[in-house]
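S.K.: My questions all concern the structure below.
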Amino acid sequence: MMPVASLEWFLMIAAFLFACGIYTILTRKNAVSVLMGVELVLNSANINLVAFARFVKPAASLGPQSVPIPMESGAAAVIYGAPWASGHVFAAFVIILAAAEAAVALGIILGIYRSMGGVDVDEVSALKG
Amino acid sequence: MSEDHGHGQGHGHEAPAHGHGHDDHGHGGGEHRTHFSPAGFTPGLAVMLLGIVAGGWCFSAGRSGHLALGPASIDLNGLFDAPWASLVILCLPLVAAFVQIFFGRKLPRNGDWVSTIAVGAGLALSLMMLGRIIGIYDWQFERVHEMEWISLFSRTFPGAQDVVTFRVPMGILIDNVTVIMLVVVTLVSTLVHIYSIGYMADDPRYSRFFAYLSIFTFSMLGLVLCNNVFALYMFWELVGLSSYLLIGFWFEKKSAADAQKKAFLVNRVGDIGMFLGILTFFLMTGELTYKGIFGSVANGAFGAQMGLLTAAGVLLFMGAVGKSAQFPLHIWLPDAMEGPTPVSALIHAATMVAAGVYLVTRMYPVFTPNALIVIAWFGGFTAIFAATIALCANDIKKVLAYSTVSQLGYMIMGLGAGAYTNGFFHLWTHAFFKACLFLGSGSVIHAVVTQDMREMGGLRRKMPITFWTMLLSTLAIAGVPFTSGFTSKDGILGDLLFAAHEHPALWPVVIFAFAGAGLTAFYMFRLIFMTFTGEPRAKEKFEHAHESPWVMAAPLVILGSLAILSDKGGWFQELVGKPESAAAAAIAHAEAMKPGAKPHAEKAPGHEGDAGPSHAKAPDVGSGYVGSLPVAHAGANPYHPPHSEELHHAHSAAMVLSILVAGLGIGLSFFTYQKKLIDPAKIAAAAAPVHRLLLNKYWIDEFFHETLVKPALSISRACSRFDLKVVDGFVNLWGKATEVWSWIAGTFDQKVVDGAVNGTADVVMSAGAALSRFQTGRLKTYLAWAVAGLVILTGGFHLVTHWAQIVEHLTRK
Amino acid sequence: MQLGVVENLSYFAPEILLTVVIAAVILVDLTKPPPGSRLVSRLAATGLAATLFMLILSYAELELKQRTRVFLFADTFVVDPFGLFFKTVGCVCAFLVALFAGNVRRIEAHGEGEFYALLLTTTLGIFLMAGATDLVGLVVAIETLSIPSYVLAGFYKKDRASSEASLKYVLFGATASGAMLFGLSYFYGLAGTTSFAGIAQRMGSIDALTAGIMLGLVLVGFGFKISAAPFHMWTPDVYEGAPTAVTAYLSTASKAGGFAVLIRFFYNVLARPENPGDPMGPWIPIGDPGWTQFVAVLSVLTMTIGNLAAYRQTNVKRLLAYSSIAHAGYILLGFIVLTGAGLMAMLFYVAVYVFMNLGAFLTVIAVSEAGGGEELSDFRGLGWRAPFLGVAMGAFLFSLTGLPPLSGFVGKVYLFAALIDQGWVWLAVIAALNSAVSLYYYVRVVKTMWLEGIPRNDADVIPFRVGSYNGFLLAVCLVPTILFGIYWAPLERLAKYSVGANVTQPAPKAGAKPVH
Amino acid sequence: MNHILSLMTFVPLLGAAIIIALPRQKHELVKSVAACAAGIPLFLSYFIWKGFDRTTAAMQFVERFDWIPMFHIQYSMGIDGISVTMVMLTALISFICIFASWNIEKGVKGYFALFLLLETGMMGVFCAMDFFLFYVFWEVMLLPMYFLIGIWGGPRKEYAAIKFFMYTLVGSVLMLVVMLVFYFNVTDPATHEHTFDLLVLRNQDANSGSLLVNSVRFLCFIGLFVGFAIKVPMFPFHTWLPDAHVEAPTAISVILAGILLKMGTYGMFRIAFPLLPDIANDCAWWIGLFGLINIVYGALCAMAQDDLKKLVAYSSISHMGYCLLGMGAMTTAGFNGAMLQMFNHGTITSMLFLLVGVIYERVHHRWISRFGGLATMVPVYTGFVTFAFFASLGLPGLSGFISEAMCFIGAWQNGTPAYLKLTILATSGILLGAAFHLWALQRMFLGEKNKIYTEQYHHVTEINGREIFCLVPLVIVILWVGVYPGPLLDMMNVSLSDLQAFMAHYKYNH
């Protein structure tokens, strides 16, 4: 019987990661490491998502809402809402997006490196005022 | 000279045209020069005689009530029963003025005849009217022709019935006083017109001068014809305007320009008071016509507020103080002598300045006893005050000016003392002899090119007509028996004495009055002696001197003779009777209002006046001290009251006294300036301070300049600086504030860019500057701000909104 | 096995078409069309026009089928008038920008294909944002918009400013979306489902602090998109550095998308109509009601900072960047009053804002294309040399200020009206003063164009030719700017219909709220 | 004829459109088109003069149709006694100003197009019966004014223009907010909908579902009042005026002083007073006080000016003070006086600015102290100036006097001691006004020629035909109103007395 880690643990770790990420972003000079900070942040979100997916019992889905976009049909929700999976799906999407973002960002950083011969974000401050 | 467009007038003295003698040729006086040649004698005299004859004919026609033109005969009652006659009199000068202004220079003789004929026709009609009223011989005669001018409704609630709340009628009121004033105005005006033909002959703005004269005549006639205070005020201002224009007729002279401005402004001061008075009457009575005001005042429109009634009267009187140059607003009149002499004669001696007296006469019924005492004091003090200044004046016109002020003082004082008839009568007589004196002085100045009496002397031989006419007038003004001046002035003094019996407050005024009379006699004869007798003191000027042409002399003759004759016949006293006092009735009302006042116990005398035309008892003013003209049996002029013994005593006493002081004055000046027994210089030296005081006219002008003019100017400058610096310069103020702001924003170096339109803009600019400091261009700063903002906003906001819960949460633990 | 996933796919036609166009653009570009033949740009423009047409069709389809909304893909995507409105706006922007870019030489030089492919992709992103009703879909949509725009911002690769802009943009954007994701993860955790409706169920159950933090984190993302303070600071730099056409696009279309998401999220997850079926009526917040005040503070900050900072700008693009920040603040006003009227005002304002702002940027493009610059000094006396350009720019700027009879004024009136109707008078006053103050810097541009460098006489005017093509485009922006200022009833009807299709009659009852 | 107001409002706009279409070089053609476009409203105003029913306070020549139904905005035009005189004044002054600006050289097309646009705005303001419409026209007026001052103005034109613009805009956004507050708190009893219709808003007590709380009513009044006071301009908000007047070209100064200032007081009559009668009554004394300050302060500032145009500008401030004094009195005579004063000041001050323009065109400066002795050189011009000055200082027989007197009488009728004090102090304005006018007159025209600045006298030529043509109509109007104001007063009296009764009603039931 190994002890079951409760949700709080995961959340704390995630929050810690998030903080680290923000700290990195704010402190690092090198654009790439800033990007790494961003990745940290994204992954902290992922941890949350997966943890929630594991622990949280999905809300009973309900009848049509008034608002511009209510659920069309409760049944549909039950079937396609895929509550047990949605967290993981979400996480997967996030990973993909993170990758795409990183790719674009790196490309841009490369461009900067070409044109300026450096990737120090503090140097990149011609536009201001 | 011809290129010197009358700038000559700038130099030395008023009438430069005469500066270069009377060579009949020379410069552009134009064709209207002929009558200067001795040949001018015949037409001049002819015109005069013709005029006199015509006038007499009109007058007698009026007496008879029928104007016989061959077979046809016009009933002259039409003069009054329809407004046309008065309107013709009123409008002819106006038309003339327009003709002059627009076509004057194109007309032959520059159109002087237009104005002259216009006013002459007015004179003819006025004479007819005079004749008519004498024919009718009813002291209560009166006709009113009225029309709506402005009438505004208002409503008690939206859409309700309209009620007229504000109504200004325009109308003509013709009664004896009006007609007499009409004659005064038109007569003097006509003569001055004729006189000016000669006097202004060489002036480049000849036609303009006549235009102005006509404008003045129009305004003055309107002033005397209108039937309500609003219109009165309007014409009051208009005569002010024409006086302004005429005083500054030679505006190239700075002194003239100053004088005209001064005249207008000083008058405005009085006018403000008058305006407030009118407003007060309007507020209380809701009426603007004379009759309306009198009626509702008599019916207790003022309730118990007799103080207010007095105040309103005094405010109204302020107008007279300004216009009739009473102390302390007399200062403009002497300066007004900058104007051409005919103007001084017409406006500043005979007619306009008398408007104040006319005002008091007109509004007489609304003055409460206290108001009348104030008026009397003003008048009396002015009379003596001006006379003293005149003692030391050496400018011939200044002497006359101050004597005018003093004489106006007499009239005002008389009215204030209840000498209604005689006060007004003095206006009538004074108009002629003072006009004569001014025109005479004009012709003297015309002859010897100076106004300084010390450079004259012995002119009698050179200009006899001028001398004799002026002498007659001087006798009149000095109050020598058998002259018109004597009758009127003595009348005033008598009534004053009598009034003083009843009202001790008037005793000082009595003293002023008699002393003034003596002084008048003195300085007037000083004028005569210094000018006409003795040895000429300025030879070459004397050589130059000559009698004026007939066109100028004729008016002198007429006026001079009027100075003797204008009081004869006693018709005046028969026609002008004191109206019953509305103020008395009002006071009676107030008394009745007082708690415990028995309704008919002691009602003010003349209270029955309300009960129809029967003037059983004297319509005395208030406490009835003015016994002079009390009782009116039904319809008859209340000039000869039954119980007038003490009045007669007063009059005889006054007569003796006034003859004495007059004689004294004349004698003194005779010994001083004719016989040279007394050396004025010595006296002056002996009483040096007094002399200086008088020479400097008591420093009144300086006083006003220091206390009013200067402060006003500096205040105005202060205001505009304030406007620039503070109100607008809110900019700079904010500019300072922005320094602080910038500092808070951590920007010392950010200079606030200029071009801000106002304070806000400046703040905004520097705020922008501050903000742009945040925009460092460094990504990390941005992110830092984002994070910080997030934390601060979220946390702070949570704290703010959920403070209660948090506290409660903490305390629970 | 159900077909639910693909049912009603016809409603997805615009998106599909757009995707096809993107593919087509890329393909055509691969064929190396001869330079100067604006083949790609024409294709893109045509494609967007067609998409626009499709959008109108789907409007019509909704109407005909009497359906207020249609759900797709397991309720993760919705087609409704609200979404269609923003899609249309985005599409129009993209269309106009495509036309602008159509004759910008420099873009052609850097390869039209990429440009238009990216542009259309962002448009697709906006489409998805307007329809997303699910956290996953939301995130995907936002990134679909963001990632290509990062590239677009740095489209001039050699240009330092451009690449700097893109770097700032990408890093800031990535961070923002990271924070947002972190926040969204909590929302998921709250409900265990990613659908808005599901989350709305649980919102009531959490305490204020948590809600505040979640909200704050999410707002970072949204705030970044609409560049609301304090997440606005990237805006001026990026707008200045990016190619003007891109700037125009970012300041209108992507902002519109941001607002679409913002409204969609908040008005589903955090608020519901007081009486269901009347979205035009007042709404009530779910759970912690504080967020409206929170957003109010944001909007005040945004508009004030935007206006103040715009004062000192000498670069017209940068000035307009700040002004667009301020306008985000104005638009947020409609967001906080929690009424359908407020939403309607927002939609209306977005619509008119798009035209005037695009017009302003287009003027900048036209000037620099015709040999001028982007600095204020380059505009000196331009009004006299190119009267139409001057008049048009004047109209756009005064409309941005909010002076009648221009559409910007009407938009502001609707916003203020919504505020005052709900008793936010103080906020209305602040906003009004802000717009008064904003006059100053807008007028500075007008002043430079008209009041400076005035020719002595009409003879010695050196004409400044912007070309008939740009002239025509200016007119295209100018007409609605003026027209909607004089007669805007149709637009209003559209906006109202988009907020609550089933609501016909405007809400405010007699003296709805006593002002306090 | 039932679209006469729309015609008067939009014919100038049409003219502007035509002018824009015209080729740039055809100056004469442009000018004559402008003259026609401005002439038609003047011609039409004759029919208004004929057809105006002087016995009713109701709106006349009404046109009304829905503009934006969903927002209950109507295009509703109409005039009553309060606006009719202003409409006719606008038509007259605009027409004159076209000729006054005949020798504009640069940007002729733009100038006249903007000018006509301006006239449209002004007409619209005076005709609008719908608050929203009113506001739109109110703002529409700003734009052309900004350019007219900023492009064709004097040396500091840009500063003056933006200052004018900012001031007015700040005022009007406040007005906008208040307008919306009213919209949402008042319903039209007929339709049970919110409304911008001023006539309905006027009775908002009766018509509003929930009456605003008093404090808010007060704030609303302040908002409106400040908005209008800036235009009047009232004491603390007046500083835009001297700059704008001085820098603007002659014709525009004439429009500014002759018509734009009136919009402030008109707005009070039309909106601030009827919409918030109770508050207006409470503030009456303060309005009077500001009137007093305007009168005295303006006159004092004017006295210290050396720039003739600035002097006239400050004199306008002083004269508008009489309007405020009369309005604050809340009496029929006061209202009529204020209204008449608006009209008269419109004519008199226009004349003054035209005359300033005349001399400025000759010698290109306006420094009073540099002149002197002009009267001998240009008697006719001097005559006109003297006429205008005396009209302006309230000489009886000229229009200025009647209105000032009526303002005073109205103020006096107010009767409350506090207000009487104001009035008594205000009478000093009569003296100060006379003082600075006459002083200026003397310094410029009387006395001897200036010794230092002699060369300017070579340029001093007599006033020419075109200028006289511009002045004569004004002279006639001034004389006519001065001698027989009855007809004009009859036009405004009923509406104003109705308004006064309305106010009084709220005063006592308050």
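Protein chains in written order, with our numbering: chain A, 1 to 129; chain P, 130 to 942; chain S, 943 to 1458; chain R, 1459 to 1968. All C-beta atoms in this analysis are idealised placements derived from N, C-alpha and C, irrespective of residue type, glycine included. All values reported here derive from a predicted model rather than from experimental measurement.
1. Given the structure, does L1087(S) come close to the ligand MN, in the sense that its CB is under 8 Å from one of the ligand's heavy atoms?
2. Give the residues of chain R in contact with D1363(S), contact being defined as C-beta atoms less than 7 Å apart.
3. Starting from the beta carbon of L101(P), find every residue of chain S whose beta carbon is closer than 8 Å, and list them in chain order.
4. Between A1332(S) and W1392(S), is the Cβ-Cβ spacing less than 9 Å?
5. Could you confirm whether any beta carbon from chain P is found closer than 9 Å to the beta carbon of I25(A)?
6. Can you find a CB in chain S that lies within less than 9 Å of the CB of W118(P)?
7. Taking a contact to mean a Cβ-Cβ separation below 9 Å, would you say L281(P) touches V293(P) in this structure?
8. Is the CB of C355(P) under 9 Å away from at least one CB in chain R?
9. Would W679(P) and L256(P) be called neighbours here (beta carbons separated by less than 9 Å)?
10. For chain P, is any of its Cβ atoms less than 9 Å away from the one on A1959(R)?
11. Kindly indicate the opening and closing residues of the beta strand (DSSP E) around D1524(R).
12. In angstroms with no decimal places, state the Cα-to-Cα distance between A1268(S) and V1583(R).
13. Tell me the DSSP secondary structure of L198(P) in three-state form.
14. Whose C-beta lies closer than 6 Å to the C-beta of F295(P) among residues of the same chain, with five residues either side of it excluded?
15. Starting from L1287(S), find everything on chain A with Cβ-Cβ shorter than 8 Å and list it in chain order.
16. Between V1162(S) and the rest of its own chain, which residues show a CB-CB distance below 7 Å, the 5 nearest in sequence each way excluded?
17. If we count the other Cβ atoms within 10 Å of its Cβ and call it buried at 16 or more, is K854(P) buried or exposed?
18. Report yes if the CB atom of K452(P) is closer than 9 Å to the CB atom of W557(P), and no otherwise.
19. Closest Cβ-Cβ distance between R1102(S) and chain P: below 9 Å?
20. Which residues does DSSP pair with N30(A) in a beta bridge?
21. Of the choices L7(A), A91(A), R114(A) and S125(A), whose alpha-carbon is the least far from that of F1124(S)?
22. So what does N357(P) bridge to, in DSSP terms?
23. With distances taken between CB atoms, is the gap from I1537(R) to I1498(R) smaller than 9 Å?
24. Note down, one range per segment and in chain order, each alpha helix (DSSP H) of at least 4 residues found wholly within the stretch 200 to 236 of chain P.
25. So which residues of chain S does Y911(P) contact, with C-beta pairs closer than 7 Å?
26. Terminal residues of the continuous alpha helix (DSSP H) containing L1348(S)?
27. Can you tell me whether DSSP reads E160(P) as helix, strand or coil?
28. Could you tell me whether any Cβ in chain R is nearer than 9 Å to the Cβ of Y967(S)?
29. Can you grab the Cα-Cα spacing for the pair A388(P) / L252(P), in whole Å?
M.R.: In brief:
1. Ligands are entirely absent from the displayed structure, and the ligand MN is therefore not among its contents.
2. Your numbering for residue 1363(S) matches position 421 in the third sequence. The answer, in chain order, is F1642.
3. Residue 101(P) lies beyond the residue range present for chain P, which begins at 130 and ends at 942; the question has no answer from this structure.
4. Residue mapping note: residue 1332(S) aligns to position 390 of the third sequence, counting from 1. Residue mapping note: residue 1392(S) aligns to position 450 of the third sequence, counting from 1. Reading off the sequence shown, one finds Gly at residue 1332(S), where the question assumed Ala. For G1332(S) and W1392(S), yes; Cβs fall inside 9 Å.
5. Taking the first residue of the first sequence as 1, we reach residue 25(A) at position 25. Closer than 9 Å: yes.
6. No statement about residue 118(P) is possible, as the shown extent of chain P runs from 130 to 942 and does not include it.
7. Here residue 281(P) refers to the residue found at position 152 when the second sequence is read from its first residue. Here residue 293(P) refers to the residue found at position 164 when the second sequence is read from its first residue. If you check the CB distance, L281(P) and V293(P) come in under 9 Å.
8. Here residue 355(P) corresponds to residue number 226 of the second sequence, with the count starting at 1. For C355(P), the answer is no, since every Cβ of chain R falls outside 9 Å of its Cβ.
9. Position 550 of the second sequence, counted from the start, is the residue given in the question as residue 679(P). Position 127 of the second sequence, counted from the start, is the residue given in the question as residue 256(P). It is not a contact, given that the beta carbons lie outside the stated cut-off.
10. Indexing the fourth sequence from 1 puts residue 1959(R) at position 501. Closer than 9 Å to some Cβ of chain P, the Cβ of A1959(R) qualifies, so yes.
11. Your numbering for residue 1524(R) matches position 66 in the fourth sequence. Unbroken beta strand (DSSP E) run through D1524(R): Q1518 to I1526.
12. As a working mapping, residue 1268(S) is identified with position 326 in the third sequence. As a working mapping, residue 1583(R) is identified with position 125 in the fourth sequence. Approximately 30 Å between the Cα atoms of the pair.
13. Against the second sequence, residue 198(P) aligns to sequence position 69. Under the three-state reduction of DSSP, L198(P) is assigned to strand.
14. Taking the first residue of the second sequence as position 1, residue 295(P) is located at position 166. The answer, listed in chain order, is L281.
15. Counting from 1 along the third sequence, the entry for residue 1287(S) is found at position 345. First, the amino acid is wrong: residue 1287(S) is Ala here, not Leu. In chain order: nothing, as chain A lies at least about 16 Å away.
16. Taking the first residue of the third sequence as 1, we reach residue 1162(S) at position 220. Same-chain partners within the cutoff: A1118, A1121, M1122 and F1173.
17. Residue numbering aside, residue 854(P) sits at position 725 when the second sequence is read from its first letter. Under this definition K854(P) is an exposed residue.
18. For this step, residue 452(P) is matched to residue 323 along the second sequence. For this step, residue 557(P) is matched to residue 428 along the second sequence. It is not a contact, given that the beta carbons lie outside the stated cut-off.
19. By 1-based counting over the third sequence, the position of residue 1102(S) is 160. R1102(S) does not count as touching chain P.
20. As a position in the first sequence, residue 30(A) is number 30, starting the count at 1. According to DSSP, which records beta bridges pairwise, N30(A) is partnered with D120(A).
21. Within the third sequence, residue 1124(S) is the residue found at index 182, counting from 1. Between F1124(S) and the set L7(A), A91(A), R114(A) and S125(A), the nearest pair of CA atoms involves A91(A).
22. Here residue 357(P) is taken as the residue at index 228 of the second sequence, counted from 1. DSSP, once it has assigned bridges, lists T418(P) as partnering N357(P).
23. Residue 1537(R) sits at position 79 when you count from the first residue of the fourth sequence. Residue 1498(R) sits at position 40 when you count from the first residue of the fourth sequence. The answer is no: Cβ separation not under 9 Å.
24. Considered as a whole, the stretch 200 to 236 of chain P harbours 207 to 210 and 213 to 232 as its complete alpha helix (DSSP H) runs of no fewer than 4 residues, in chain order.
25. Numbered from its first residue, the second sequence carries residue 911(P) at position 782. In chain order: F1114, M1175 and W1176.
26. Counted from its first residue, the third sequence places residue 1348(S) at position 406. Careful: L1348(S) lies outside any alpha helix (DSSP H) and carries neither H nor E.
27. The sequence position of residue 160(P) within the second sequence is 31, counting from 1. No answer about E160(P) holds up, because its pLDDT of 35 lies below 50 and its placement is not dependable.
28. Mapped onto the third sequence, residue 967(S) falls at position 25. Per the sequence shown, residue 967(S) should be read as Val rather than Tyr. No, its Cβ sits nowhere closer than 9 Å to a Cβ of chain R.
29. Counting from one through the second sequence, the residue named residue 388(P) turns up at place 259. Counting from one through the second sequence, the residue named residue 252(P) turns up at place 123. Whole-angstrom Cα-Cα distance: 31 Å.
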